[in-house]
Amino acid sequence: MVGVGLRGSRRQISCWVLGLAVVFAGTVWSLDSLYSTPAELAGYRAATESGTALFAINGRPYGLDDLGGVIAYEFGFMSALAFPLMGIHLVTRMTRREEESGRAELLRAGSVGRVAGVAAAVVLTGSALVLVSVSMVVTLLVTGQELRGALLYSAALMSLGCCFAAITALAAQVVASARNVLGISLVVLIAAFLLRGIGDVRGNGLVWLSPIGWAEQARPFGAGRWWPVLLALGLAAVMFGVACWVAGRRDHGAGVLAARRGPVSAAPILLRPWGFALRRHRGGVVAWSVIGALVAISFGALADAIRTVMADNAALQDVFGGGSANPDAYLSFVVVLLALIVAGYAVQGVGRIAEDEPGDRLEPVLAGSISRSRWLAAEVLIVACGTAVVAAVSGFALGVSDALAVGDSSAVLRLTLATLSYLPSVLLLLGLAVALYGIRPAALSASWAAFVAVAVVATLADTLRLPEWLRHLSPLEWVGRTPSDPVSPWALIASATLATALIALGLNGFAFRDIPTRSSSWGLARLITNNAFTIGGRS
7 MVGVGLRGSR
17 RQISCWVLGL
27 AVVFAGTVWS
37 LDSLYSTPAE
47 LAGYRAATES
57 GTALFAINGR
67 PYGLDDLGGV
77 IAYEFGFMSA
87 LAFPLMGIHL
97 VTRMTRREEE
107 SGRAELLRAG
117 SVGRVAGVAA
127 AVVLTGSALV
137 LVSVSMVVTL
147 LVTGQELRGA
157 LLYSAALMSL
167 GCCFAAITAL
177 AAQVVASARN
187 VLGISLVVLI
197 AAFLLRGIGD
207 VRGNGLVWLS
217 PIGWAEQARP
227 FGAGRWWPVL
237 LALGLAAVMF
247 GVACWVAGRR
257 DHGAGVLAAR
267 RGPVSAAPIL
277 LRPWGFALRR
287 HRGGVVAWSV
297 IGALVAISFG
307 ALADAIRTVM
317 ADNAALQDVF
327 GGGSANPDAY
337 LSFVVVLLAL
347 IVAGYAVQGV
357 GRIAEDEPGD
367 RLEPVLAGSI
377 SRSRWLAAEV
387 LIVACGTAVV
397 AAVSGFALGV
407 SDALAVGDSS
417 AVLRLTLATL
427 SYLPSVLLLL
437 GLAVALYGIR
447 PAALSASWAA
457 FVAVAVVATL
467 ADTLRLPEWL
477 RHLSPLEWVG
487 RTPSDPVSPW
497 ALIASATLAT
507 ALIALGLNGF
517 AFRDIPTRSS
527 SWGLARLITN
537 NAFTIGGRS
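Take the sequence shown: its letters are residues 7 to 545, numbered as in our numbering.
Here it is in structure tokens:
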């Protein structure tokens with residue numbers, strides 16, 4: 007099972023391992039050149055510790071007298087999300103998604119144990135996390151950091167990823183669809199991030215209710231404590247044990263929570279392509295809107311405090327305002343984060359469209375009177391409208407949060423429009439995903455690679471000291487940093503035009519290609535079939 011899982015997810019594992027290793031190495035290299043003297047480190051420490059409201063984003067800093075502490079703090083936001091997301095994505099892909107595709111059932115036809123699938127998924131994910139940790143240790147040692155701190159820091163982040171991998175493994179036994187597994191895991195991640203953020207800002211015990219807080223409290227370049235790492239690994243072991251226990255007792259293809267029975271007859275709206283698409287995507291729109299609203303409210307509540315700190319803090323002005331004391335610089339940063347959430351829904355929505363093809367649900371639909379182009383156009387239209395809804399809800403929540411904090415009701419409309427100004431750029435990513443699906447579905451994962459690249463540019467461009475030409479490859483950079491900077495109308499027109507062209511390209515490709523497309527998944531299916539019957543023959 008480990009070999010089959012590695013064969014089916016080798017590309018995803020490689021992307022995660024190499025991507026995190028490269029981003030971390032770039033961050034360390036950049037910070038090493040920026041803070042190379044004790045005076046520079048002392049200035050950074052004074053500026054950072056004065057802005058306690060910022061602890062909600064990167065966490066509470068420890069050991070800022072040393073470059074290692076600066077690295078841990080600057081990489082805090084990225085690591086708090088990237089390592090859990092790696093565990094969530096890989097385990098979901100290798101467990102519940104394999105059951106939905108029917109490939110896991112082929113293996114279960116042989117002498118494969120009930121818990122082999124979930125065990126292999128967690129083992130492979132844990133191994134990938136260890137590889138990332140090893141690369142981080144090597145990077146830190148090359149820059150002159152002490153071995154103890156490097157090992158503890160890498161182990162803390164590895165344990166964080168393992169913790170969420172085990173949580174996802176348990177969620178995969180509770181619900182019967184990969185989409186719901188991702189939803190549950192992401193809700194847990196957001197709750198953990200918010201608890202850690204509130205606990206760090208207020209300095210209370212809420213931080214201990216979050217696995218992200220445990221990784222932070224290891225304090226690798228400060229006091230150095232191993233027991234929070236053991237706490238995270240202990241929770242991971244318990245969750246993994248419960249997941250294996252449930253997997254050994256539930257029905258294959260089902261979950262502990264049974265799916266709700268549908269109505270006897272379909273509503274008339276479901277007979278139309280757009281109505282059926284609306285029914286399918288409405289849950290995702292609601293979920294991503296809630297995520298965006300929670301993030302907006304949490305970060306928006308800090309806006310007034312950070313504005314006050316920024317007025318006399320040159321370091322924070324560099325972080326958010328490029329050296330200027332513009333009071334809207336922090337809000338511009340939050341709006342970009344919300345744009346990334348909206349983009350995440352857009353790419354995930356196209357992935358939801360693509361799920362029907364390998365699941366043999368698309369061919370019966372297209373065998374009727376609905377044309378290929380009409381079906382895909384309806385699906386894309388609903389996802390695009392859902393993208394606009396997520397953007398509007400997120401921006402509105404940010405505006406309300408800021409308005410309540412400063413007493414300025416005009417912030418509601420201003421920040422809603424600021425978030426919506428990124429909509430054409432987000433639709434450009436949606437168009438890329440549609441074009442990839444329409445022409446070559448096997449390449450759809452490249453749209454997630456593009457999303458990750460855009461996210462890195464949006465959050466780490468200054469830390470990595472990326473050149474201007476590289477930054478402007480990201481469509482979010484075309485718009486500018488609104489509301490602190492004016493929006494370029496030409497950027498909106500260019501993004502909308504390119505998005506339309508890519509969607510048209512995808513519709514045209516979908517109209518003429520084979521359905522289903524024979525891809526590498528056929529080779530994987532043959533491998534699974536051969537293994538299943540070979541194992542079965544030995545029993």
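Where is the CB? At the ideal position from N, CA and C, for every residue including glycine.
- Assignment of Gln151 by DSSP, reduced to helix, strand and coil, places it in the coil class.
- Under the DSSP assignment, Ser216 falls outside any alpha helix (DSSP H); it carries neither an H nor an E label.
- If only uninterrupted alpha helix (DSSP H) runs of at least 4 residues are considered, those enclosed by the stretch 106 to 158 are 109 to 114 and 122 to 148.
- Secondary structure of Ile347 (DSSP, three-state): helix.
- Annotation: the continuous alpha helix (DSSP H) that includes Trp233 extends over Trp233 to Ala253.
- If you draw a straight line from the Cα of Gly254 to the Cα of Leu113, it is about 15 Å long.
- When secondary structure is reduced to three states using DSSP, His287 falls in the helix class.
- A direct Cα-Cα distance of roughly 11 Å separates Ala448 from Pro364.
- Residue burial annotation: Asn64 is buried, with at least 16 other C-beta atoms found within 10 angstroms of its C-beta.
- Closest by C-alpha distance to Thr393, out of Tyr68, Val296 and Phe339, is Val296.
- In the DSSP annotation of this structure, the continuous segment of the alpha helix (DSSP H) that includes Ser416 starts and ends at Ser416 to Leu426.
- When only Cα atoms are considered, Leu466 and Ile275 end up about 45 Å apart.
- Rounded to the nearest angstrom, the gap between the Cα atoms of Ala184 and Gly108 is 13 Å.
- Distance from Ala175 to Ala229 at the Cβ level is roughly 32 Å; contact not present, criterion being Cβ atoms closer than 8 Å.
- The residue among Thr33, Ala441 and Trp381 with its C-alpha nearest the C-alpha of Thr506 is Ala441.
- For Ser377, no alpha helix (DSSP H) encloses it, and the DSSP letter there is neither H nor E.
- The C-beta distance from Cys169 to Leu241 rounds to 6 Å, short enough to fall under 8 Å.
- Between the alpha carbons of Leu434 and Ile499 lies a distance of about 11 Å.
- Judged by their CB atoms, Ala182 and Ala260 are nearer to each other than the 8 Å cut-off.
- Leu344 and Ser400 do touch by the CB rule: their CB atoms are close to 4 Å apart, below 8 Å.
- Distance from the Cα of Pro234 is smallest, within the candidate group Val187, Thr503, Phe30 and Tyr159, for Tyr159.
- Of the residues assessed, Pro226 falls on the buried side of the cut-off, its CB having 16 or more other CB atoms within 10 angstroms.
- Bounds of any alpha helix (DSSP H) do not take in Phe81, whose DSSP letter is neither H nor E.
- Within its own chain, the residues whose Cβ lies closer than 7 Å to the Cβ of Leu387, once the five positions on either side in sequence are excluded, are Trp280, listed in chain order.
- At the C-beta level, Asp38 and Leu73 come within 8 Å of one another.
- Where Ile63 is concerned, the enclosing alpha helix (DSSP H) starts and stops at Phe61 to Asn64.
- In the three-state DSSP reduction, Asp366 falls in the coil class, being neither helix nor strand.
- The stretch 44 to 54 makes no contact with the stretch 484 to 502: fewer than 3 CB pairs, one atom from each, lie closer than 8 Å.
- When only Cα atoms are considered, Ala156 and Leu212 end up about 26 Å apart.
- Remark: C-beta atoms of Met164 and Val136 approach each other more closely than 8 Å.
- Counting only the Cα atoms, Ala31 lies some 24 Å from Ser451.
- Boundaries of the alpha helix (DSSP H) around Leu470: Ser451 to Leu470.
- In the structure shown, Val270 adopts coil according to DSSP, grouped into three states.
- With 16 or more other Cβ atoms from the protein chains shown falling within 10 Å of its own Cβ, Arg102 counts as buried.
- Around the beta carbon of Ile173, 16 or more other beta carbons sit within 10 angstroms, so the residue counts as buried.
- Annotated three-state conformation of Asp72 is coil, per DSSP.
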